[in-house]
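Enquirer:
Protein chains: 2
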Amino acid sequence: MKTFSVKFLPDDKTVQATAGKSVLEAAIVAGIPINSVCGGDGVCGKCRVIVKSGQVEAEPNVFLTRREIQRGMALACRTFIQGDLVIEVPLESRVGGVPQLASEDAVRFGRISERVGEGAVFARNPLCRKEYLELSAPCLDDNISDQERLYRELRQRRDLPIMQMGLAILQKLPDLLRKSDWKATALLGHRGGTTEVMDVEAGNTSQKQLGIALDVGTTTVVAHLVDLQSSETLATQAKYNSQISLGDDVISRIMYSSTDTRRKQLRDLIVNDINDLIAGLMMASKVRLHDVTYIVCAGNTTMVHLLLGLDPANIRRDPYVPCVSLPPAIRAVEIGIKINPRGLLLALPSVSSYVGGDVVADVLVTGMTDSPDLSLLIDMGTNGELVIGNAEWLVCCSASAGPAFEGGGITCGMRATRGAIEHLTLSAGGAIAEVSIVGGGKPLGICGSGLIDAIAELLRNGCIDRRGRFVETACGGKLREAESGEPEIVLFPGDQTALGKDIVLTEADINNFIHSKGAIYMAAECLMAHVDLSFNDLKHVYIAGGFGNYLNIERGVEIGLLPDIERQKFHFVGNGSVQGAKIVLLSRDALAYVQTRIADAMTYFELSSDHKYMNEYSSCLFLPHTNIEKFPSLRNKIGAGGGTPAAAPSAGPRRSATAGSARRK
Amino acid sequence: MKTFSVKFLPDDKTVQATAGKSVLEAAIVAGIPINSVCGGDGVCGKCRVIVKSGQVEAEPNVFLTRREIQRGMALACRTFIQGDLVIEVPLESRVGGVPQLASEDAVRFGRISERVGEGAVFARNPLCRKEYLELSAPCLDDNISDQERLYRELRQRRDLPIMQMGLAILQKLPDLLRKSDWKATALLGHRGGTTEVMDVEAGNTSQKQLGIALDVGTTTVVAHLVDLQSSETLATQAKYNSQISLGDDVISRIMYSSTDTRRKQLRDLIVNDINDLIAGLMMASKVRLHDVTYIVCAGNTTMVHLLLGLDPANIRRDPYVPCVSLPPAIRAVEIGIKINPRGLLLALPSVSSYVGGDVVADVLVTGMTDSPDLSLLIDMGTNGELVIGNAEWLVCCSASAGPAFEGGGITCGMRATRGAIEHLTLSAGGAIAEVSIVGGGKPLGICGSGLIDAIAELLRNGCIDRRGRFVETACGGKLREAESGEPEIVLFPGDQTALGKDIVLTEADINNFIHSKGAIYMAAECLMAHVDLSFNDLKHVYIAGGFGNYLNIERGVEIGLLPDIERQKFHFVGNGSVQGAKIVLLSRDALAYVQTRIADAMTYFELSSDHKYMNEYSSCLFLPHTNIEKFPSLRNKIGAGGGTPAAAPSAGPRRSATAGSARRK
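Structure representation (structure tokens):
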């Protein structure tokens with residue numbers, strides 16, 4: 109096979125690639141983080157690159173305008189190498205920067221230190237912990253084996269009926285105990301009814317017990333370094349999940365992971381991400397990697413499968429069976445994660461293929477299972493998960509919202525990273541009144557919370573009607589026809605933006621967004637109906653998920669994303685995954701609780717076989733809803749486009765380019 | 109460093125060795141099994157080789173006669189390479205052939221199949237077993253994870269509260285279950301309170317469940333292949349422990365194992381032996397290695413340490429502390445043993461540094477702990493172990509007997525392999541009346557049981573007195589002066605032997621043997637005194653150990669090795685190690701029994717700090733004893749040398765060249 113060199117700019121990285129490989133494949137090898145929502149299927153149009161020189165074979169596509177093609181622009185996944193190349197990867201095509209994070213301890217329902225500790229909900233008793241031992245030296249009257257001596261001392265302190273010790277530890281034990289004058293620290297792992305002596309160190313190292321709480325999200329990966337004795341968070345790090353280059357959402361990644369090689373590739377990407385984060389934590393906190401002995405991670409079912417190298421294929425095939433829902437605690441090194449080589453990694457249990465350990469963590473953090481009050485949890489993301497219940501019962505469901513909340517499928521959409529418009533207010537005619545940009549400076553694009561603001565404000569000002577169509581007369585000359593022929597409104601002209609390109613919102617963008625918000629609202633309504641209750645019975649609504657914290661509740665209600673109930677009932681969870689992982693990291697009682705009281709107790713309600721969901725979904729494709737009676741507080745607020753429309757715009761949930769229906773996005 | 113080639117004859121194997129290395133080291137590299145009782149310390153004189161050509165540097169020694177040195181004979185461990193060499197290894201210096209084995213199911217106290225099974229002492233429930241499962245295929249109403257589906261089916265059959273499954277099994281599970289149409293066989297391992305799904309195979313493989321019972325002896329290694337379902341023994345194999353080249357007894361091997369490299373070397377030798385035996389079992393039985401999933405081994409504490417790669421150094425240092433007495437079940441592959449890669453290896457628990465899993469196995473096999481009758485077990489070997497007790501209590505002790513029972517320290521001594529004189533009768537004047545040779549043919553040397561016969565017969569015929577000294581007048585001209593100047597009797601002249609050399613017995617040989625038998629008898633007497641009982645209180649005496657089965661009880665009593673009680677109280681255990689390992693292999697109830705009712709229940713009595721042992725030992729250095737009243741049945745039988753001697757020949761237990769006193773041989 110002929111090979112060519114491919115140089116990527118502005119990184120100035122060159123790799124060798126065989127003829128016929130795609131530019132995207134070469135970029136992955138080179139470690140260039142190119143955005144690819146669809147995972148290389150040529151259907152999202154996000155992986156734009158500029159071919160500066162060299163010969164390529166490009167498939168035709170609908171995403172690039174004539175002018176763009178003339179400028180050398182191409183889709184990396186549909187452009188195949190036929191010679192030595194120089195490729196520029198523009199800013200908007202890169203997965204990069206540091207994700208915007210929820211405030212570190214955004215647990216509004218009791219800080220971690222209040223939730224775990226003596227006299228708190230959960231005792232501080234990590235599954236993996238150290239114990240300093242001063243053993244009596246052996247003599248003729250007491251010459252039991254070294255192993256028994258250690259066990260005996262441990263058993264004098266606690267009830268540990270079944271003990272285990274691996275060969276590697278036994279092999280070093282005699283020398284270590286004698287050289288350390290019989291003073292040593294045992295690293296204990298409590299699993300099932302068994303206590304494993306995972307390691308033994310000379311002297312007293314019990315002051316150094318560190319763990320990592322990990323949120324393995326489809327989009328972002330967040331790691332907190334935690335002192336297991338003080339519960340203190342010593343450092344935090346976050347980055348985008350590098351698997352994004354192989355697919356933006358779980359379904360495209362499952363589709364990509366069809367071979368052993370590809371599953372290994374996906375696993376290597378996330379493992380490298382985690383190792384990068386850990387290296388960052390070590391830098392920031394100046395602790396030794398050796399002292400990190402325990403990781404608890406929360407992620408959706410697919411992310412956990414990919415992390416553990418398990419085949420996720422059956423997650424998306426009827427009847428949606430995961431390989432595992434209660435993953436075993438493994439040695440982190442088994443999957444290549446670099447902490448203490450004896451250290452454990454535990455993934456929180458999941459409920460089903462579509463309700464994962466991340467949602468279980470959210471529920472733990474809210475404390476909704478400790479209360480008789482009825483609560484609803486909404487985790488908003490590409491996949492929306494909803495949980496309703498209280499201390500007695502829990503029912504959950506999952507709905508595919510599509511990528512709009514993460515900026516996907518939106519012309520100028522982007523994730524909530526530097527340069528994203530996170531909030532805005534419009535005045536009459538659609539002119540910007542106030543704007544807030546992540547990290548300050550000129551805007552680069554618009555993220556989920558900004559989009560909600562924009563659409564709510566356009567609706568308030570009458571620039572769009574309740575079907576999401578532009579009302580030309582109200583748009584004050586900001587409306588124009590896009591190259592595609594559809595109408596679009598210019599929010600920021602090019603001279604005010606970071607890339608010099610206009611930031612616009614098209615009618616298709618608004619329609620995509622309406623489908624996303626409609627999927628979440630409809631799921632909530634069906635879930636309420638399923639348990640025979642109404643929104644007014646709710647005492648609390650918890651908002652979790654990527655952009656949850658930045659959501660403006662009032663505007664969320666105005667566009668029909670959130671139910672129209674008293675605003676003070678809404679609470680933000682923050683990053684529930686990492687907070688939940690942290691609680692479990694500190695307390696194995698919390699692990700038992702998560703398993704028995706949350707994961708095992710939760711009933712999964714299958715939306716895709718629910719008639720109401722299928723039949724009434726289209727009534728949600730309005731702002732806020734075809735039936736305004738469902739939003740009583742808004743009746744007098746809605747602008748010019750009001751009134752009940754004659755016909756629903758489409759029947760049944762939308763099928764996005766990358767995915768299927770309802771749950772099987 | 110200069111290297112030379114060393115060729116070994118008659119094997120015709122050549123290896124490269126650096127200048128200054130010993131011929132013994134080169135032989136070990138070449139895999140030539142040279143006898144070395146002392147482990148290369150130059151004190152046993154057993155590693156004789158003939159330098160056929162080439163330059164060596166040899167240290168002077170007392171073991172070779174002038175004539176032998178002139179013939180090119182040298183000690184391999186004291187002869188250092190200075191040029192290209194051709195070395196001949198004579199037959200008497202080789203560790204070779206197949207050890208003589210106790211009859212396969214020499215359990216006289218109930219065959220294995222009677223002892224394990226439905227309604228027997230132990231239920232047939234191996235720790236490691238297979239279970240065939242027909243799972244229901246998942247559907248939308250029942251879409252629990254693949255792992256849970258497997259667990260659920262297993263739990264419907266048995267009470268298995270805590271289940272585990274490793275990542276490797278999870279990774280293959282989804283594909284395997286679907287391709288096998290949800291029919292699969294789980295390989296289960298029951299450890300502590302936890303059940304591990306060790307492997308899952310497609311279809312029904314539950315008919316193929318094999319295990320290996322292993323006796324890892326200091327001298328011999330014996331392996332039995334067992335069908336775990338029928339309890340049937342499918343094949344047996346035995347060979348000498350190749351570690352013999354690095355030391356004949358446990359103490360010299362512990363001394364040798366002073367570095368990581370040497371410990372690895374020792375481990376590799378025994379692991380290779382075990383793999384050789386397993387290969388032999390596979391050949392003989394035509395089964396697949398894959399179906400062997402479980403090994404139970406019994407060995408003394410040092411052998412188990414060396415097998416597991418654990419440092420045995422503290423076993424021989426006061427206060428004699430082993431690293432482990434209850435070794436964990438490990439994957440056999442962890443130490444390089446080749447069975448099913450998921451298969452387990454379990455070593456039977458030991459009581460102390462000097463009472464190992466081999467003795468625990470003996471006790472299990474005798475059934476002495478099931479009975480109210482008082483029993484004494486004597487395991488005779490280089491190290492003698494004695495256990496007294498019944499269902500209520502157990503006391504054990506250990507005494508160093510020295511290598512005489514294995515033919516060590518005896519001029520023409522050898523192990524009980526082909527060519528060994530195992531039994532003989534003498535007529536007046538010391539002439540051979542009857543003789544039995546292992547394997548038939550001409551004799552090569554004399555093994556332990558033959559030695560007992562020879563000494564008992566010499567005593568009967570008055571050729572030696574009760575101190576073991578030759579009575580010249582009774583020896584009919586067979587007595588002569590050896591090159592060393594001491595008297596020796598010629599049992600077989602050279603023209604009747606395999607090597608053409610006279611087979612003789614020297615006064616030193618007899619003295620060495622008397623020290624060995626005295627150590628065992630004295631240990632038994634002290635043990636009785638310690639529990640305040642006498643030999644007449646015994647209901648049973650069980651004889652175990654290498655040469656135990658070939659012992660003539662009457663002669664054993666006559667020379668004062670065994671106590672003078674009714675002969676029908678004596679029983680032979682056979683190879684208790686392999687039989688005990690087999691019972692545990694078939695029943696995890698037996699494992700629990702061994703641990704709680706035998707190993708944990710046994711009190712260790714330290715002979716080396718017992719005054720009686722130290723003070724009265726010398727009275728045992730007679731045939732049978734200085735106090736003939738202790739052997740009432742013999743009073744009228746003893747020959748010419750009778751009468752109570754005036755003085756004890758030496759005070760305190762003998763120190764052998766390779767070892768210390770009493771217990772710390």
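Here the protein sequences come in this chain order: S and Y. Numbering of the first sequence is given in the working numbering, commencing with residue 109 and proceeding in unit increments. Numbering of the second sequence is given in the working numbering, commencing with residue 109 and proceeding in unit increments. Backbone N, C-alpha and C fix where the C-beta goes; we use that ideal spot for every residue, glycine too. Here the structure is a predicted model, which is why all the values come from computation and not from measurement.
Three-state secondary structure (DSSP) at residue 244 (chain S)?
Expert: The answer is coil: DSSP assigns residue 244 (chain S) none of H, G, I, E or B.
Enquirer: Check for me: the alpha helix (DSSP H) holding residue 330 (chain S) runs from which residue to which?
Expert: Where residue 330 (chain S) is concerned, there is no enclosing alpha helix (DSSP H), although the beta strand (DSSP E) it sits in stretches over 328-335.
Enquirer: Is the Cβ-Cβ distance between residue 647 (chain Y) and residue 483 (chain Y) less than 8 Å?
Expert: Yes.
Enquirer: Would you call residue 353 (chain S) buried or exposed, if buried means 16 or more other Cβ atoms sit within 10 Å of its Cβ?
Expert: Buried.
Enquirer: Quick test of your reading: residue 730 (chain Y) and residue 688 (chain Y), contact by CB under 8 Å. State the CB separation rounded to the nearest angstrom.
Expert: No, residue 730 (chain Y) and residue 688 (chain Y) are not in contact; Cβ-Cβ is about 35 Å, not under 8 Å.
Enquirer: Helix, strand or coil: how does DSSP classify residue 474 (chain S) here?
Expert: Helix at residue 474 (chain S).
Enquirer: Which residue's Cα is closest to the Cα of residue 501 (chain Y): Y:707, Y:741, Y:190, Y:243?
Expert: Considering only alpha carbons, the answer is Y:707.
Enquirer: From what residue to what residue does the alpha helix (DSSP H) around residue 409 (chain S) run?
Expert: Residue 409 (chain S) -> alpha helix (DSSP H) spans 409-416.
Enquirer: I need the straight-line Cα distance from residue 776 (chain S) to residue 684 (chain S), nearest angstrom please.
Expert: No statement about residue 776 (chain S) is possible, as the shown extent of chain S runs from 109 to 773 and does not include it.
Enquirer: Could you spell out where the alpha helix (DSSP H) holding residue 558 (chain Y) opens and where it closes?
Expert: Note, residue 558 (chain Y): alpha helix (DSSP H), 556-568.
Enquirer: Taking the straight line between their C-alpha atoms, what separation do you get for residue 572 (chain S) and residue 579 (chain S)?
Expert: When rounded, the distance between both Cα atoms is 5 Å.
Enquirer: Please compile the residues from chain S whose C-beta is within a distance smaller than 9 Å of the C-beta of residue 273 (chain Y).
Expert: Chain S residues near residue 273 (chain Y): 432, 436.
Enquirer: The beta strand (DSSP E) with residue 549 (chain Y) in it runs from where to where?
Expert: That residue, residue 549 (chain Y), is in no beta strand (DSSP E); it is neither H nor E in DSSP.
Enquirer: Taking the C-alpha atoms as reference points, what is the distance between residue 588 (chain Y) and residue 130 (chain Y)?
Expert: Straight-line Cα distance between these residues: approximately 36 Å.
Enquirer: According to a CB-to-CB cut-off of less than 8 Å, which residues of the region 408-434 of chain Y neighbour chain S?
Expert: Those residues of the region 408-434 of chain Y that come within reach of chain S (Cβ to Cβ, closer than 8 Å) are 416, 417, 418, 419, 421, 422, 426, 427, 428, 429, 430, 431, 432, 433, 434.
Enquirer: Please go through the same chain and pick out, in chain order, the residues whose beta-carbon is closer than 7 Å to the beta-carbon of residue 307 (chain Y), but skip the five residues on each side of it.
Expert: Counting only Cβ-Cβ distances below 7 Å, and skipping sequence neighbours, we find 277, 295, 450.
Enquirer: State the beta-bridge partners of residue 732 (chain Y) as determined by DSSP.
Expert: DSSP lists no partner for residue 732 (chain Y).
Enquirer: What residues match up with residue 641 (chain S) in a beta bridge as DSSP calls it?
Expert: None, per the DSSP bridge assignment.
Enquirer: Is residue 752 (chain S) close to chain Y, meaning its C-beta is less than 8 Å from at least one C-beta of that chain?
Expert: Summary for residue 752 (chain S): the model assigns pLDDT 44, below 50, so the residue's position carries little reliability, and this model does not support an answer.
Enquirer: Anything in chain S within Cβ reach of residue 93 (chain Y), meaning under 9 Å, just list it in chain order.
Expert: Because chain Y here runs from 109 to 773, residue 93 (chain Y) falls outside it and cannot be looked at.
Enquirer: Where does residue 213 (chain S) sit, in a helix, a strand or coil, going by DSSP?
Expert: For residue 213 (chain S), the predicted structure reports a pLDDT of 39, less than 50, and the residue's modelled location is therefore unreliable. A value from the coordinates is still provided. It is coil, neither helix nor strand.
Enquirer: Taking its Cβ as the centre, do 16 or more other Cβ atoms sit within 10 Å of residue 594 (chain S), making it buried, or is it exposed?
Expert: Classification for residue 594 (chain S): exposed.
Enquirer: Buried or exposed: which applies to residue 177 (chain Y), given that a residue is buried once 16 or more other Cβ atoms fall within 10 Å of its Cβ?
Expert: By the neighbour-count rule (16 or more Cβ atoms within 10 Å), residue 177 (chain Y) is not buried but exposed.
Enquirer: Using beta-carbon positions only, say whether residue 583 (chain S) and residue 554 (chain S) come within less than 8 Å of one another.
Expert: Contact flag unset, no.
Enquirer: Name the DSSP beta bridge partners of residue 291 (chain Y), please?
Expert: Paired residues: Y:242.
Enquirer: So, is residue 116 (chain Y) buried or exposed, given that buried needs 16 or more other C-beta atoms within 10 angstroms?
Expert: Flag for residue 116 (chain Y) reads buried.
Enquirer: Can you name the residues of chain S whose CB is closer than 8 Å to the CB of residue 104 (chain Y)?
Expert: Because chain Y is modelled from 109 through 773, residue 104 (chain Y) falls outside the range shown and cannot be assessed.
Enquirer: Please name the residues in the region 292-305 of chain S whose beta-carbon is closer than 9 Å to at least one beta-carbon of chain Y, in chain order.
Expert: Under the 9 Å Cβ criterion, the region 292-305 of chain S contributes 299, 300, 301, 302.
Enquirer: Here's the rule: buried if 16 or more other CB atoms are within 10 angstroms of the residue's CB, otherwise exposed. What is residue 120 (chain Y)?
Expert: Exposed, because fewer than 16 other Cβ atoms sit within 10 Å of the Cβ of residue 120 (chain Y).
Enquirer: So with Cβ pairs under 8 Å, would you call residue 283 (chain S) a contact of chain Y?
Expert: Chain Y, which has a Cβ nearer than 8 Å to the Cβ of residue 283 (chain S), makes this yes.
Enquirer: What do you reckon, are the CB atoms on residue 435 (chain Y) and residue 412 (chain Y) nearer than 8 Å?
Expert: For residue 435 (chain Y) and residue 412 (chain Y), yes; Cβs fall inside 8 Å.
Enquirer: Which residues of the region 441-461 of chain Y have a Cβ closer than 9 Å to any Cβ of chain S? Give them in chain order.
Expert: Listed in sequence order: 442, 443, 458, 460, 461.
Enquirer: Check each candidate in S:258, S:284, S:274 and name the one with the smallest Cα separation from residue 442 (chain Y).
Expert: The option with the nearest alpha carbon to residue 442 (chain Y) is S:274.
Enquirer: Report all residues from its chain with a CB closer than 6 Å to the CB of residue 626 (chain Y); omit the five preceding and five following residues, and keep chain order.
Expert: Same-chain partners within the cutoff: 728, 729.
Enquirer: For a test of the three-state rule: what should DSSP assign to residue 431 (chain Y), helix, strand or coil?
Expert: Coil at residue 431 (chain Y), not helix or strand.
Enquirer: Can residue 492 (chain S) and residue 509 (chain S) be called in contact, C-beta distance under 8 Å?
Expert: The answer is yes: Cβ separation under 8 Å.
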